[in-house]
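Beneath this line is the structure, given in structure tokens, with notes to follow.
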Amino acid sequence: MASKIFMGDMPELMDNILNNLNEDIHSLHSCALVSRFWSKMSIPILWSDPFSLSRKSSFIPIYLSSLNEHDIFILNECGIVVDFPNTLFNYAIFLKVMDLFVLDCLVEDWIELSNINLHKDSKIVKYELANLLFKLFIERGATLSKFDLRMSSDSDEETFDIKPEIFYLLGRNGTFFSQLQDLSVFIKIKPCPQNAITLLKILIDNAKKINKLKFTEFDYDPQLFHTFSCVIKSQEQLKWFSLVASFGLIISALRCQQNSLREVRMESCDCSNKDFDELMNCKNLEVIRTYHCRNVDRLLNRLGNSLHKINTLDICSYSIDASNIIQLLQKSGSLLKRLRISSDSKEIISLPLLLETLISSCPNIVYLQFSSMKLSTQFLNLICGLQKLQFLTFSWIDDGSEEEMKACVMRFAEILPLSLNYLNLSNSWNNSSSHIDVFLNYCNAPLKKLLLKINDDEKIVEALIGFNIRKKTLNMVYLRDFNSRFRFYLEKYVKLVPFIHIYVDCC
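Position in the sequence shown counted from 1, then plus 945, gives you this note's numbering.
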């Protein structure tokens, strides 16, 4: 099979392998050097998202080598002399992901790092160069799958200024946005720039296949709201929608997407607006995420009357009254797989009722996260009953005596389901770090990833090593506030990793 891959007899398999490396730039570079066939497979992936913030701006001259004589003349007038060798590929055609804000930043970065003797003001040069690149992508046949439109009035975020000829080209070249699937719009200027309105109107005419749509606005602008509503209505099958705004008026546009919408994400919204009731008609809605929204409890209460296919419920708020989501949980029942309830106030109102409902109605939860919890008998019964639980994150309130807490920790460690492989306790153990060794000594779950907060305690280090020697399952450990004097010793037995490498969100 290996020989067939090298000879190019299995391009579909190769494509799947290389696409899994789309964020590993160095590996893709290495693959491109293996053979001509591997190069043809790797280069399009490598150049599909060159403007990612994780990349440097040094690739820009490769695009400049493809400019025509007229565009080269424009750069020469700015003081940029284009004298680069011809390239083997039409790199511009491979572009799939475009973020106007990031494009603007990287162009500015390249101009500064190149130490060019500019003939014009640097802002004018950046304006010309960024628009020439945008024009190149359109003319060379790029077809975007993801597009980010970001315009802000913040002093440290200059807005990308688009030339009129770009709109003309986009109007004549419908393929540039024809395969767009992911659109993000961030507007922080009032009134909304006409450039943004014009660009959205082009999307209405040419982008019909968007399935993931995010809209962020801080000031109500009637023209922008109307135009973006038309973007929503023009889609054939919208599946994912995110709204970050103080106004919920745009939610009413989801009426035409009620059969296709699967996930909705709301942040900083006032859910008391009756337009949010439109979500009640989305019978195929499976995922609801709300972050710091006002009156979200009332909305979830209303949605509980009609929705019954929810598999993911993600609620983060200052205060949460769990009684308002009971009906939603009961109707979802065994379909519910992921649940996060995070309260900034460290208190969940009607918690006993919530735990009782989860015990009786939701046995198939795979991911569970609570912001704060007492190790009560009811909570321990819930954990014991979730025999499919794989990811658990929570912090508990330590309000018992030393012996009581030790007994609770021991019981908690013993009843963890054998399906559990990820445990995040990094926000726990505030006053009872001495019990971590108890937990590790009695834990039977085959944990693979563990996040802990510990003090400089040799007993805990020994317990952690003992756990891995006994279970032989841990392959990643994140230790919050870990004292470095034990690090060298501990790393002989377990792999210590940064938080970002191990943390699992409610995805």
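Glycine included, every Cβ here is placed at the ideal spot set by N, Cα and C.
Residues bridged to residue i (per DSSP)
{"i": "Leu1313", "result": "Leu1284 and Leu1337"}
{"i": "Asp1127", "result": "Lys1091 and Lys1157"}
{"i": "Leu1395", "result": "Leu1368 and Val1422"}
{"i": "Ile988", "result": "None; Ile988 has no bridge partner."}
{"i": "Ser1262", "result": "Ser1288"}
{"i": "Thr1257", "result": "Val1232 and Arg1283"}
{"i": "Met1318", "result": "Trp1341"}
{"i": "Asp1215", "result": "Arg1239"}
{"i": "Met1225", "result": "DSSP output for Met1225 lists no bridge partner at all."}
{"i": "Ile1293", "result": "Ile1265"}
{"i": "Lys1133", "result": "Ser1097"}
{"i": "Leu1300", "result": "Answer is none; Leu1300 lacks a bridge partner."}
{"i": "Leu1441", "result": "Val1422"}
Bounding residues of the alpha helix (DSSP H) (the contiguous stretch that carries residue i)
{"i": "Asn1140", "result": "Gln1139 to Asn1151"}
{"i": "Ile1083", "result": "Ser1067 to Glu1084"}
{"i": "Met1350", "result": "Glu1347 to Ile1360"}
{"i": "Asp1242", "result": "Val1241 to Leu1248"}
{"i": "His1446", "result": "Phe1444 to Ile1447"}
{"i": "Leu1385", "result": "Ile1381 to Tyr1387"}
{"i": "Ile1271", "result": "Ile1271 to Ser1277"}
{"i": "Gly1116", "result": "Pro1109 to Arg1117"}
{"i": "Phe1433", "result": "Arg1432 to Leu1435"}
Spatially closest choice to residue i from the options, by CA coordinates
{"i": "Lys1437", "options": "Asp1402, Ile1414 and Val1449", "result": "Ile1414"}
{"i": "Glu1181", "options": "Asn1229, Pro1297, Leu1258 and Gln1203", "result": "Gln1203"}
{"i": "Val1189", "options": "Ile1196, Cys1201, Arg1200 and Cys1214", "result": "Cys1214"}
{"i": "Ser1395", "options": "Val1422, Glu1349 and Thr1120", "result": "At residue 1395 the sequence reads Leu, which differs from the Ser that was named. The option with the nearest alpha carbon to Leu1395 is Val1422."}
{"i": "Ser1129", "options": "Thr1120, Leu1144, Leu1313 and Leu1300", "result": "Leu1144"}
{"i": "Trp1185", "options": "Ser1123, His1446, His1253 and Glu1208", "result": "Glu1208"}
{"i": "Cys1307", "options": "Lys1319, Gly1330 and Glu1292", "result": "Gly1330"}
{"i": "Leu1252", "options": "Val1442, Ile1260, Leu1274 and Cys1238", "result": "Leu1274"}
{"i": "Cys1388", "options": "Phe1339, Ser1010, Leu1363 and Glu1359", "result": "Glu1359"}
{"i": "Ser1371", "options": "Val1449, Leu1094, Gln1332 and Lys1351", "result": "Val1449"}
{"i": "Ser1097", "options": "Gln1124, Phe1131, Leu1114 and Thr1088", "result": "Phe1131"}
{"i": "Thr1104", "options": "Arg1085, Asn1076 and Ile1007", "result": "Asn1076"}
{"i": "Ser1217", "options": "Leu1033, Cys1238 and Leu1206", "result": "Cys1238"}
{"i": "Leu1089", "options": "Arg1247, Val1439, Leu1409 and Ala1152", "result": "Ala1152"}
{"i": "Arg1283", "options": "Ser1295, Ile1294, Leu1199 and Asp1259", "result": "Asp1259"}
{"i": "Asn1309", "options": "Leu1296, Tyr1036 and Ile1328", "result": "Ile1328"}
{"i": "Ile1445", "options": "Asn1369, Ile990, Ser1305 and Trp1341", "result": "Asn1369"}
{"i": "Asp1382", "options": "Tyr1367, Lys1351 and Leu1230", "result": "Lys1351"}
{"i": "Lys1157", "options": "Thr1032, Pro1167 and Lys1091", "result": "Lys1091"}
{"i": "Ser1010", "options": "Leu1244, Asp1066, Asn1035 and Glu1292", "result": "Asn1035"}
{"i": "Ile1069", "options": "Phe1039, Gly1024, Arg1210 and Asp1242", "result": "Gly1024"}
{"i": "Lys1319", "options": "Ile1304, Leu1337 and Trp1341", "result": "Trp1341"}
{"i": "Ile1255", "options": "Arg1234, Arg1247, Ser1277 and Leu1244", "result": "Ser1277"}
Whole-Å CB distance - residue i paired with residue j, under 8 Å assumed
{"i": "Leu1313", "j": "Leu1298", "result": "Between Leu1298 and Leu1313 the Cβ distance is about 17 Å, and since that is not below 8 Å, they are no contact."}
{"i": "Ser1321", "j": "Ser1287", "result": "That pair is no contact at about 19 Å."}
{"i": "Phe996", "j": "Leu1048", "result": "5 Å"}
{"i": "Phe1170", "j": "Leu1194", "result": "6 Å"}
{"i": "Leu1365", "j": "Leu1385", "result": "Not really, about 14 Å apart at Cβ, beyond 8 Å."}
{"i": "Leu1183", "j": "Ile1149", "result": "With a Cβ gap of about 13 Å, Leu1183 and Ile1149 do not count as contacting."}
{"i": "Ser1268", "j": "Ser1290", "result": "Ser1268 to Ser1290, Cβ: 16 Å. No contact."}
{"i": "Asp1054", "j": "Ser1002", "result": "4 Å"}
{"i": "Ala1141", "j": "Leu1081", "result": "About 22 Å; that fails the 8 Å criterion."}
{"i": "Leu1441", "j": "Arg1432", "result": "7 Å"}
{"i": "Ser1262", "j": "Glu1223", "result": "About 21 Å separates the two Cβ atoms, so there is no contact after all."}
{"i": "Ile1233", "j": "Gly1249", "result": "11 Å between Cβ atoms; not a contact."}
Residue i - containing beta strand (DSSP E), residue span
{"i": "Asn1413", "result": "Unbroken run through Asn1413 is the alpha helix (DSSP H), Glu1403 to Lys1416; no beta strand (DSSP E)."}
{"i": "Arg1210", "result": "Glu1208 to Glu1212"}
{"i": "Arg1234", "result": "Val1232 to Tyr1236"}
Query raised in the report: Whole alpha helix (DSSP H) runs in the region 1005–1045 with 4 or more residues, listed along the chain?
Result: With a minimum length of 4 residues, the continuous alpha helix (DSSP H) runs that stay inside the region 1005–1045 are 1005–1009 and 1014–1023.
**Report entry** Unbroken stretches of the beta strand (DSSP E), 3 residues or longer, contained in the region 1157–1202
**Finding:** With a minimum length of 3 residues, the continuous beta strand (DSSP E) runs that stay inside the region 1157–1202 are 1157–1162 and 1185–1189.
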